[in-house]
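Below: one structure, written as structure tokens.
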């Protein structure tokens, strides 16, 4: 009885092993899809890390020279521009 059970177990294992070895090469698309999915995950993780370490941009500063007579005319325009564009600073050199 024990011998028959052992033979049956070995037969099931060998059948399973043969089935898996025959079935494995027939599904290369699943390996390719898994590989590409892994690459996508690695790329997204890399982009996330890159975003964390990317330096924060400082505001741009533009300076220009005008005569003293025109400086008072430019000040309201500069203030208006800076309220609309807070990331750009204008510096007036007289």
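Numbering (our numbering), first residue to last: 31 to 124. Glycine residues also receive a C-beta, built at the ideal position from the N, C-alpha and C atoms.
Range of the contiguous beta strand (DSSP E) that encloses residue i
i, result
"residue 91", "90-95"
"residue 118", "118-123"
Inter-residue spacing [alpha-carbon to alpha-carbon] between residue i and residue j
i, j, result
"residue 79", "residue 72", "11 Å"
"residue 114", "residue 84", "26 Å"
"residue 101", "residue 107", "10 Å"
"residue 104", "residue 88", "24 Å"
"residue 117", "residue 81", "20 Å"
"residue 63", "residue 74", "16 Å"
"residue 65", "residue 86", "34 Å"
Segment limits, alpha helix (DSSP H) that includes residue i
i, result
"residue 84", "Segment: none, residue 84 is in no alpha helix (DSSP H) and carries neither H nor E."
"residue 102", "98-114"
Cβ contact (3+ pairs, closer than 8 Å) linking the region 95-104 and the region 117-124: Result yes; three or more Cβ-Cβ pairs closer than 8 Å.
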